[in-house]
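Worksheet: one structure, shown below.
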Amino acid sequence: MERVAADARYKLADRRLTVEGRDGEVRSERAIDSADELDQVLRETFNVEPPVPVEEVFARIGG
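Numbering that gives the first Met the number 0 applies: residue 0 is where the sequence shown begins, and numbers increase by one.
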């Protein structure tokens with residue numbers, strides 16, 4: 000999943016969240032270690048509400 004904002008690009012792949020600057024340089028990268036953390040990232044960073052319980056999503060991506 001990817002979202003482009005005015006100042007950054009946010010990428011979520013499996014359990015890894017990467018934030019890149021407009022120049023493509025990685026600003027931060029971190030692992031998503033819990034279903035609660037995944038829920039927060041999906042809602043606050045990507046403005047997405049999972050169609051199934053987030054615990055189910057987290058389990059499917061190796062949580």
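No residue lacks a Cβ here, since even glycine has one placed at the ideal position from N, Cα and C.
Small disclaimer: the values here were computed from a predicted structure and weren't measured.
- Sequence-distant Cβ neighbours of S33 in its own chain, meaning closer than 8 angstroms and more than five residues away, are F57 and G62.
- With 16 or more neighbouring CB atoms inside 10 Å of its own CB, D38 falls in the buried class.
- Here A30 is near R15, since their CB atoms are less than 8 angstroms apart.
- For I60, the closest of R2, R21, L11 and D22 by C-alpha to C-alpha distance is L11.
- Membership of R59 in any beta strand (DSSP E) is not indicated; the residue belongs instead to the alpha helix (DSSP H) covering V53 to R59.
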